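In what follows, a single structure is set out as structure tokens and then discussed.
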Amino acid sequence: MLIDLHMHTGYSDDAAAHSVEDKVRACIDRGLSIIAITDHLDFWHHLPPQETDVDGCLRDMNAAKTAFSDQIELLTGVEIGQIHADPRAAEFLRTRAFDTVIGSLHGMPNDVDIYFHDFKHIDCDAFLQDYFDELLHMVRHGGFDVLAHIDYPLRVMRHGDYIPSFDRFMTSVEAVLRETVARGYALELNAAGLFGWQKRVGPPENVLYEFKRLGGERISIGSDSHAPNNVGRGIEECIAHAKRAGFNSVTVFRQRRAEQVMI
Ligand SMILES: [Zn+2]
Ligand SMILES: [Zn+2]
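Just so you know, the numbering used here puts 180 at position 180 of the sequence shown, and the rest follows in order with no gaps.
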């Protein structure tokens with residue numbers, strides 16, 4: 001079964017202009033069975049929340065969910081960045097009914113996206129330690145269902161001879177994973193890394209094995225598609241990555257309740 005639980009529409013300001021309906025049609029054409037649309041809503045420590053028309057998106061998702069129900073299962077989702085940084089995030093979720101909430105760490109405590117840090121001129125190992133400290137804050141704060149793309153820094157930090165790796169930070173990785181298991185979040189396998197320098201889906205194999213060793217049973221998979229022509233991209237590789245690590249099912253959240261779906 002092909003499942004893609006992380007994707008964006010034109011409601012996200014870093015995505016190509018396309019509607020929820022365009023997205024769902026593209027997913028049906030790709031042969032996907034269950035999808036979640038998860039447009040961005042980022043919260044910050046010092047700045048106001050990002051302006052996204054989440055209610056318009058939710059309205060369109062609910063309409064599409066009904067309109068296409070005989071062809072595909074659409075789960076209404078949102079990707080919340082820095083859920084721990086602003087109490088308005090919890091208030092936002094209390095007053096909206098989503099099927100699934102992705103928790104992401106895009107920005108550091110300085111409210112700068114990881115992508116925009118000047119890695120040529122900062123201490124990258126110190127940065128990674130700060131990243132894991134912040135990730136642990138976010139995971140302990142909770143309020144989401146799926147812990148997204150924990151390999152995001154690996155995707156964007158490579159420069160010159162510096163090859164970023166989590167291998168020296170496995171104690172910190174373990175702390176994050178233990179908390180993830182204890183709280184019942186699904187760990188996301190994100191296909192985006194497949195199309196960067198690593199040429200493989202995240203998280204790295206040893207991280208996924210560690211999650212399994214610690215008792216992790218819930219995983220999610222997502223393409224992180226930002227355009228209609230690449231829905232489901234890398235999903236087969238995510239499934240292969242999951243199976244190699246001993247996972248035979250994916251956790252799907254319906255009305256925020258976890259259910260296992262065989263892959
Ligand atoms: Zn993200
Ligand atoms: Zn995303």
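For each residue, glycine too, the CB sits at the ideal point set by N, CA and C. Just so we're clear, the structure is a prediction, and the values are computed from it rather than from any experiment.
Residue interval of the beta strand (DSSP E) (run including Gln129): The residue you call residue 129 lines up with position 129 of the sequence shown. DSSP places Gln129 outside any beta strand (DSSP E); the residue lies instead in the alpha helix (DSSP H), whose first and last residues are 124-141.
Using CA coordinates, which residue listed in Gly143, Phe127, Lys120 is at the minimum distance from Asn110? By 1-based counting over the sequence shown, the position of residue 110 is 110. Of the candidates Gly143, Phe127, Lys120, the one whose C-alpha sits nearest the C-alpha of Asn110 is Phe127.
Output the distance between the C-alpha atoms of Ala175 and Leu136, rounded to the nearest integer angstrom. In the sequence shown, residue 175 corresponds to position 175, counting from 1. In the sequence shown, residue 136 corresponds to position 136, counting from 1. Ala175 and Leu136: Cα-Cα distance of roughly 7 Å.
Using only the alpha-carbon positions, how far apart do Ala242 and Ile235 sit? Residue mapping note: residue 242 aligns to position 242 of the sequence shown, counting from 1. Residue mapping note: residue 235 aligns to position 235 of the sequence shown, counting from 1. One C-alpha to the other measures close to 10 Å.
Mind checking whether the beta-carbon of Asp224 lies closer than 7 Å to any heavy atom of ligand 2? Numbered from 1 along the sequence shown, position 224 holds the residue referred to as residue 224. Within the cutoff, so yes.
Just verifying my parser: in three-state terms, what is the DSSP assignment at Thr9? For the purposes of this step, residue 9 is taken as the residue at position 9 of the sequence shown. In the structure shown, Thr9 sits in coil (DSSP, three-state: anything other than H, G, I, E or B).
For review: beta carbons within less than 6 Å of any heavy atom in ligand 1: With the cut-off at 6 Å, the residues found are Glu79, Ser104, His106, Ala148, His149.
Do the CB positions of Leu177 and Gly216 come within less than 8 Å of each other? Position 177 of the sequence shown holds residue 177. Position 216 of the sequence shown holds residue 216. Going by C-beta atoms, Leu177 is nearer than 8 Å to Gly216.
Can you list, in chain order, the residues of its chain with a C-beta nearer than 8 Å to that of Asp160? Leave out the 5 residues immediately preceding and following it. Taking the first residue of the sequence shown as 1, we reach residue 160 at position 160. Note that residue 160 corresponds to Gly in the displayed sequence, not to Asp. Within the same chain, and ignoring the five residues on either side of Gly160 in sequence, the residues whose Cβ sits closer than 8 Å to its Cβ are Lys120.
Quick check: Ala245 and Leu208, are their CB atoms within less than 8 Å of each other? As a position in the sequence shown, residue 245 is number 245, starting the count at 1. As a position in the sequence shown, residue 208 is number 208, starting the count at 1. Cβ atoms of Ala245 and Leu208: closer than 8 Å.
With a 10 Å radius around its C-beta and 16 neighbouring C-beta atoms as the bar for buried, classify Phe253 as buried or exposed. Sequence index remark: in the sequence shown, residue 253 carries index 253 (1-based). Of the other Cβ atoms in all chains shown, 16 or more fall within 10 Å of the Cβ of Phe253; this residue is therefore buried.
Using DSSP with H/G/I as helix, E/B as strand and the rest coil, what is His241? Your numbering for residue 241 matches position 241 in the sequence shown. The three-state reading of DSSP puts His241 in helix, counting H, G and I together.
Quick check on Ser12: buried or exposed, where buried means 16 or more other Cβ atoms within 10 Å of its Cβ? Residue numbering aside, residue 12 sits at position 12 when the sequence shown is read from its first letter. Residue environment analysis places Ser12 among the buried positions, since at least 16 neighbouring C-beta atoms fall within 10 angstroms of its C-beta.
Do you know how far the Cα of Gly184 is from the Cα of Glu73? Locating residue 73 in the sequence shown gives position 73, counting from the first residue. Locating residue 184 in the sequence shown gives position 184, counting from the first residue. If you draw a straight line from the Cα of Glu73 to the Cα of Gly184, it comes to about 23 Å.
Excluding the five sequence neighbours on either side, which residues of its own chain have a C-beta within less than 8 Å of the C-beta of Val231, listed in chain order? By 1-based counting over the sequence shown, the position of residue 231 is 231. Within the same chain, and ignoring the five residues on either side of Val231 in sequence, the residues whose Cβ sits closer than 8 Å to its Cβ are Asp4, Met7, Lys23, Ala26, Cys27, Arg30, Leu32, Ile35, Ser223, Ser225.
Measuring straight from C-alpha to C-alpha, what distance separates Gly107 and Thr38? Locating residue 107 in the sequence shown gives position 107, counting from the first residue. Locating residue 38 in the sequence shown gives position 38, counting from the first residue. Rounded to whole angstroms, Gly107 to Thr38 spans 18 Å at the Cα level.
Tell me whether His46 is buried or exposed, calling it buried when 16 or more other Cβ atoms sit within 10 Å of its Cβ. Walking along the sequence shown from the start, residue 46 turns up at place 46. Counting Cβ neighbours within 10 Å, His46 comes out exposed, since fewer than 16 surround it.
Note down the Cα distance separating His18 from Arg59, rounded to an integer number of angstroms. Along the sequence shown, read from residue 1 onward, the residue named residue 18 stands at position 18. Along the sequence shown, read from residue 1 onward, the residue named residue 59 stands at position 59. Between His18 and Arg59, the C-alpha separation is close to 15 Å.
As a quick exercise: from Ser172, Leu41, Gly103, pick the residue whose alpha carbon is nearest that of Gly56. Taking the sequence shown and counting its residues from 1, the one referred to as residue 56 is at position 56. The shortest C-alpha separation from Gly56 is found at Leu41.
DSSP-derived helix/strand/coil call for Leu47: To locate residue 47, count along the sequence shown from 1; it is residue 47. It is coil, neither helix nor strand.
Determine the DSSP secondary structure at Arg233, reduced to helix, strand or coil. The residue you call residue 233 lines up with position 233 of the sequence shown. Secondary structure at Arg233: coil, using DSSP grouped into helix, strand and coil.
If you compare alpha carbons, which of Ala85, Arg158, Ala16, Gln255 is closest to His117? For this step, residue 117 is matched to residue 117 along the sequence shown. Answer by Cα proximity: Arg158.
Is His6 near ligand 2, with its Cβ less than 7 Å from a heavy atom? Looking up residue 6 in the sequence shown gives position 6. Yes, the beta carbon of His6 sits closer than 7 Å to at least one heavy atom of ligand 2.
Candidates Glu91, Val156, Ser165: closest to Asp125 by CA position: Position 125 of the sequence shown, counted from the start, is the residue given in the question as residue 125. Asp125 has its Cα closest to that of Ser165, out of Glu91, Val156, Ser165.
With respect to 7 Å, is the separation between the Cβ of Thr76 and the closest non-hydrogen atom of ligand 2 below this value? By one-based count along the sequence shown, residue 76 stands at place 76. For ligand 2, not one heavy atom lies less than 7 Å from the Cβ of Thr76.
Going by Cα to Cα distance, which pick from Ala186, Arg200, Gln71 is closest to Val261? Here residue 261 refers to the residue found at position 261 when the sequence shown is read from its first residue. Of the candidates Ala186, Arg200, Gln71, the one whose C-alpha sits nearest the C-alpha of Val261 is Ala186.
Apply the 10 Å Cβ neighbour rule to Val54 and answer buried if 16 or more other Cβ atoms are within range, or exposed otherwise. Here the question's residue 54 lines up with position 54 in the sequence shown. With 16 or more Cβ atoms within 10 Å of its Cβ, Val54 is classed as buried.
4 or more residues per run - each alpha helix (DSSP H) lying fully within the segment 160-223: If we require 4 residues or more, the alpha helix (DSSP H) runs fully inside the segment 160-223 come out as 170-183, 205-213.
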